[in-house]
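Below is one structure, written out as structure tokens; the observations come after it.
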Amino acid sequence: DTEVTQTPKHLVMGMTNKKSLKCEQHMGHRAMYWYKQKAKKPPELMFVYSYEKLSINESVPSRFSPECPNSSLLNLHLHALQPEDSALYLCASSRGLAAYTGELFFGEGSRLTVL
Amino acid sequence: AQKITQTQPGMFVQEKEAVTLDCTYDTSDPSYGLFWYKQPSSGEMIFLIYQGSYDQQNATEGRYSLNFQKARKSANLVISASQLGDSAMYFCAMRVEGSQGNLIFGKGTKLSVKP
Chain A
187 DTEVTQTPKH
197 LVMGMTNKKS
207 LKCEQHMGHR
217 AMYWYKQKAK
227 KPPELMFVYS
237 YEKLSINESV
247 PSRFSPECPN
257 SSLLNLHLHA
267 LQPEDSALYL
277 CASSRGLAAY
287 TGELFFGEGS
297 RLTVL
Chain B
898 AQKITQTQPG
908 MFVQEKEAVT
918 LDCTYDTSDP
928 SYGLFWYKQP
938 SSGEMIFLIY
948 QGSYDQQNAT
958 EGRYSLNFQK
968 ARKSANLVIS
978 ASQLGDSAMY
988 FCAMRVEGSQ
998 GNLIFGKGTK
1008 LSVKP
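Structure follows, in structure tokens:
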């Protein structure tokens, strides 16, 4: 069983909808991430949070809005998305940002379809 | 700039045989970590093995071993005794100190295990 839980697993939304993706971890990790993965491509970083503060925003359009309410939760708010935003959205966590802190633990992903 | 290169888009291996997936990396930072992840068709990114840049010995985790050749900047994954369940996409990835935790992925290798 994955220790990073993402909900929902599947989401279909129209371009005018507002929805949110949720991610939760209870491993005491202090860094959390959002990645976007298109079909047959590697994941691409969107956001990094460290100690609940936004550390990296990889020039992501403002229609994606991250939120880290506490050290265990990470949300991604979606508004006015485009069909090209359809992808698998992966949440991950790690003990810290340093390379020696080891691997990122990934959730199963939320598969988003924008109509 | 940091980069991961996986030159094998697809690989076939007979069940119970060993297979090597190639990975080369590029970074000028002396402190980094190298990772291999497995992604089945379900989408979850499963951590397999980690090698730190200062580790003297090659990492081993069960049937997985990492052939780390620092001078060549290569970090090949060796899977011994392949199983049908090993069929998946495999990503080589790198975290570099000072990169705010980002995991940089290669393009991946799709491994198919034949019965």
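Those protein sequences? They're chains A and B, same order as listed.
Using the working numbering, read the first sequence as starting at 187 and increasing by one per residue.
Using the working numbering, read the second sequence as starting at 898 and increasing by one per residue.
Quick reminder that beta carbons are idealized off the backbone N, C-alpha and C, glycines included.
Partner residues on chain B for residue i, Cβ-Cβ distance less than 9 Å
i        : result
A:Val234 : Gln997, Gly998 and Asn999
A:Ser280 : Arg992, Gly998 and Leu1000
CB contact below 8 Å: residue i versus chain B
i        : result
A:Tyr286 : yes
A:Gly295 : yes
A:Ala217 : yes
A:Leu298 : no
A:Phe292 : yes
A:Leu274 : yes
Below-8 Å beta-carbon distance, residue i vs any chain A residue
i         : result
B:Tyr947  : yes
B:Gly959  : no
B:Gly907  : no
B:Ser938  : no
B:Glu912  : no
B:Lys1004 : yes
B:Phe988  : yes
Per-residue DSSP class, three states only, for residue i
i        : result
B:Gly907 : strand
A:Tyr237 : coil
B:Gly949 : strand
A:Pro320 : Chain A is shown from 187 up to 301; residue 320 of chain A falls before or after that span and cannot be answered.
A:Ala217 : strand
B:Gly982 : helix
A:Thr287 : helix
B:Val975 : strand
B:Ser938 : coil
A:Ala225 : coil
A:Thr299 : strand
A:His263 : strand
B:Ala990 : strand
Within chain B, partners of residue i - CB distance below 7 Å
i        : result
A:Glu289 : Phe932, Phe944 and Tyr947
A:Leu262 : Chain B residues near A:Leu262: none, gap ~16 Å exceeds 7 Å.
A:Pro228 : Phe988, Phe1002, Gly1003, Lys1004 and Gly1005
A:Leu231 : Asn999
Run of the beta strand (DSSP E) containing residue i, from where it starts to where it stops
i         : result
B:Ala956  : Note, B:Ala956: premise wrong, no beta strand (DSSP E); not H, not E.
B:Ser1009 : Thr1006 to Lys1011
A:Gln317  : Any question about residue 317 of chain A goes unanswered here, given that chain A covers just 187 to 301.
A:His196  : His196 to Met199
A:Ser251  : Phe250 to Asn256
Cross-chain neighbours of residue i in chain A, by beta carbon under 7 Å
i        : result
B:Ser928 : Ala285
message: I'd like to know if the stretch 908-915 of chain B and the stretch 237-257 of chain A are in contact, where contact means that at least 3 CB-CB pairs between them fall below 8 Å.
response: No, because fewer than three Cβ pairs between the stretch 908-915 of chain B and the stretch 237-257 of chain A fall closer than 8 Å, the two stretches do not touch.
message: Tell me whether the stretch 996-1009 of chain B and the stretch 235-244 of chain A touch, counting them as touching only if at least three CB pairs, one residue from each stretch, are closer than 8 Å.
response: yes
message: Taking contact to mean 3 or more Cβ pairs, one atom from each stretch, closer than 8 Å, check whether the stretch 253-269 of chain A and the stretch 206-217 of chain A are in contact.
response: yes
query: Okay, do the stretch 966-985 of chain B and the stretch 281-293 of chain A touch, 3+ Cβ pairs below 8 Å being the bar?
result: Verdict: no, contact absent.
Cβ pair count under 8 Å reaching 3, the stretch 929-941 of chain B against the stretch 953-966 of chain B: yes
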